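Chains as they are written, first to last, in my numbering: chain A, 1 to 216; chain B, 1001 to 1216.
Every residue, glycine too, gets a C-beta built ideally from N, C-alpha and C.
Computed from a predicted structure; not experimentally measured.
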DNA sequence: TAGATTGTTAATCGATTAACAATC
DNA sequence: TAGATTGTTAATCGATTAACAATC
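What follows is the structure in C-alpha cells.
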C-alpha cells in the first residue's frame, strides 16, 4: 500500500479518470463487483496494469472476489478530489467559454462557476447560467475577494499569458487553459492544458499514416 | 533516416504539434535558424530528445548550423498532413459544436466545414459561418454524397455511439470525438478523443496532491 | 582550420507485463 | 476445502538521456 501520492507517476494518474468513468457506467448497470480481468476487457488496459495502478493508492480489492464497484468508484473519486467543491471563473465568454460553463460534468462534479469575464462590451451584462458576464478589468479583485481556486482561460492565445499573470497575482490555485500557448506560472500554480489543435493535428497525422507508409 | 512512419511511436507523434507551434512562433519572430539546444530551452524537451524525435522523420538539420526554422516548420506540417484540406461535418450544434466551428486553428489549417447537424428543431435553418444547421436524419446521406472525411462529434454521450455508427456506415475516415465515451469503430476508421472531463479531473487531482502528500 | 551542432549508438531509466504466492 | 483473484515481485519492453564521432 502506497499513500504517498507524490510517488505515483503521471502515467498512472492520467488513467484514473477513465477508471472513474467506467466504474460509473457499471454502477448505472447495477453491477456490484468486478475483477481486474473483466475490467480489462471493458476498458482496454491489461488486468496486470489495472491491479498495479489501483495498488498505487491502496488495496481496494479482495482476493478471490475482485473489486467492489461502488467502493472503488468512490475511492478513485476521492483520489481525484471530486468529493470537494471548487470555485471557478471563466475568462473569455465566447462560444468556448459558454460551452465550458454549460458542460455537464463540469457542473455535476462540484465545479462552481462564480464569474465570467470578457473584453467585448456587447457581452457585458449578459447572463450564462445566472452568472453575469463582467469586464475583465474586474477579474483580479473578483478572484481575490471570492477566493477563486480555478481560473479557466478561454481567450485567444494573444492575451492568455496576461490573464494567467492576473490570476496568479490574485492567488489562484489552478488554471485550466484552453488557449493554444504554454503559459508560464510560478510553481505554486497548477496548469492543465487542453490544446484542441494538437488533438486535431494528431487526427490529421493518423489519417495520413497509411499513405506515409506506402511511400516507403 | 527513417521514412517508415508506422514505426514511429505515438509518444513522438504527440510531440509534433508542439514543435509545429513553437516553430510558427519563431517564424513570426523572424528567427531563421535554431539549434536543438535553444529549442530545448524554449519548449522544455531535452535537446537529445528533440534530435531523436526529428530524426524519426529525416535529417532536417545540419551539423554546426542547427535547423532551418521555416523548413522544419513546413516539414512537420507535412508530416502532420496540414498541407492538405479535409472535408468535415459537426454533429451537435450546441455551444461546443459552435465553438469548434469557429475555432481559429480549425479554420486556418484547412479543415473545411461543410455541414452542421443537430436534433433540436429550434436550431434548424440557423447558420454558423454560412453553414446551415440540418437535421441529423440527413447526416448519413450528406456524408456519403459530399465525401466527408472527418466527423466531429459534439453530442451528449448517450447518442455518440449511434452517430459514430452512422458516420462509419457513410464511409467516414476519421472521427474527432468530444463526447465523454469511448466509441467503437472498425479498424479503418481513426478516432481521436478530446475528453474534457478527464482533463478537468487531472487538474482537480493536482490541486489536491500536496494534501495527499501531507497525510502520509 | 576550429567551433558548433547534428545524427546516431549505447546506457539508463521508467513503465508495462508476466508470474505466482498470499488469501479471501 | 477448492477456486478465484488480488497484491506484489521479477522480467521485459520501450522511451529518454548521455555521449561522441561525423561533418557542416
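Taking just the CA atoms, how far does residue j sit from residue i?
{"i": "residue 21 of chain A", "j": "residue 1194 of chain B", "result": "14 Å"}
{"i": "residue 109 of chain A", "j": "residue 1116 of chain B", "result": "30 Å"}
{"i": "residue 1000 of chain B", "j": "residue 1038 of chain B", "result": "Residue 1000 of chain B is absent from the model: chain B starts at 1001 and stops at 1216."}
{"i": "residue 185 of chain A", "j": "residue 201 of chain A", "result": "26 Å"}
{"i": "residue 1144 of chain B", "j": "residue 18 of chain A", "result": "33 Å"}
{"i": "residue 83 of chain A", "j": "residue 47 of chain A", "result": "27 Å"}
{"i": "residue 1035 of chain B", "j": "residue 1066 of chain B", "result": "4 Å"}
{"i": "residue 81 of chain A", "j": "residue 71 of chain A", "result": "15 Å"}
{"i": "residue 1158 of chain B", "j": "residue 134 of chain A", "result": "34 Å"}
{"i": "residue 1188 of chain B", "j": "residue 1178 of chain B", "result": "20 Å"}
{"i": "residue 26 of chain A", "j": "residue 137 of chain A", "result": "46 Å"}
{"i": "residue 1079 of chain B", "j": "residue 199 of chain A", "result": "15 Å"}
{"i": "residue 1089 of chain B", "j": "residue 58 of chain A", "result": "45 Å"}
{"i": "residue 1122 of chain B", "j": "residue 103 of chain A", "result": "20 Å"}
{"i": "residue 215 of chain A", "j": "residue 1045 of chain B", "result": "Confidence in residue 215 of chain A is poor, its pLDDT being 40 and thus under 50, which makes the residue's placement unreliable; the coordinate value appears in the next sentence. For residue 215 of chain A and residue 1045 of chain B, the distance between alpha carbons rounds to 30 Å."}
{"i": "residue 1043 of chain B", "j": "residue 1050 of chain B", "result": "10 Å"}
{"i": "residue 30 of chain A", "j": "residue 1041 of chain B", "result": "52 Å"}
{"i": "residue 1003 of chain B", "j": "residue 94 of chain A", "result": "For residue 1003 of chain B, the pLDDT reaches just 45, beneath the cut-off of 50, and the residue's location in the model is therefore unreliable, although a value from the coordinates is still provided. Whole-angstrom Cα-Cα distance: 42 Å."}
{"i": "residue 1162 of chain B", "j": "residue 28 of chain A", "result": "19 Å"}
{"i": "residue 132 of chain A", "j": "residue 124 of chain A", "result": "8 Å"}
{"i": "residue 107 of chain A", "j": "residue 146 of chain A", "result": "19 Å"}
{"i": "residue 1001 of chain B", "j": "residue 1183 of chain B", "result": "Unreliable positioning characterises residue 1001 of chain B in this predicted model, as indicated by a pLDDT of 36, which lies under 50. The coordinate reading is nonetheless provided below. Looking at the two C-alpha atoms, the distance is approximately 36 Å."}
{"i": "residue 142 of chain A", "j": "residue 1142 of chain B", "result": "48 Å"}
To the nearest whole angstrom, what separates the beta carbons of residue i and residue j, a pair I think is in contact under 8 Å?
{"i": "residue 112 of chain A", "j": "residue 85 of chain A", "result": "6 Å"}
{"i": "residue 1166 of chain B", "j": "residue 1140 of chain B", "result": "5 Å"}
{"i": "residue 1023 of chain B", "j": "residue 1091 of chain B", "result": "Going by Cβ atoms, the distance from residue 1023 of chain B to residue 1091 of chain B rounds to 33 Å, so no, they are not a contact pair."}
{"i": "residue 1168 of chain B", "j": "residue 207 of chain A", "result": "Going by Cβ atoms, the distance from residue 1168 of chain B to residue 207 of chain A rounds to 15 Å, so no, they are not a contact pair."}
{"i": "residue 32 of chain A", "j": "residue 68 of chain A", "result": "7 Å"}
{"i": "residue 1006 of chain B", "j": "residue 209 of chain A", "result": "6 Å"}
Please confirm whether residue i and residue j have their CB atoms less than 7 Å apart.
{"i": "residue 1114 of chain B", "j": "residue 1087 of chain B", "result": "yes"}
{"i": "residue 1181 of chain B", "j": "residue 1160 of chain B", "result": "yes"}
{"i": "residue 14 of chain A", "j": "residue 53 of chain A", "result": "no"}
{"i": "residue 1056 of chain B", "j": "residue 1119 of chain B", "result": "no"}
{"i": "residue 204 of chain A", "j": "residue 1105 of chain B", "result": "no"}
In this structure, what does DSSP give as the bridge partners for residue i?
{"i": "residue 112 of chain A", "result": "A:87"}
{"i": "residue 118 of chain A", "result": "A:135"}
{"i": "residue 209 of chain A", "result": "Its beta-bridge partners do not exist; DSSP assigns none."}
{"i": "residue 1033 of chain B", "result": "B:1068"}
{"i": "residue 1191 of chain B", "result": "B:1175"}
{"i": "residue 50 of chain A", "result": "Residue 50 of chain A is not bridged to any residue."}
{"i": "residue 1151 of chain B", "result": "B:1089, B:1175"}
{"i": "residue 62 of chain A", "result": "A:66"}
Hey, is the stretch 1167 to 1175 of chain B in contact with the stretch 1148 to 1157 of chain B, meaning 3+ C-beta pairs nearer than 8 Å? yes
Practice problem: Report yes or no: do the stretch 1090 to 1102 of chain B and the stretch 1115 to 1133 of chain B share at least 3 C-beta pairs separated by less than 8 Å? | Solution: yes
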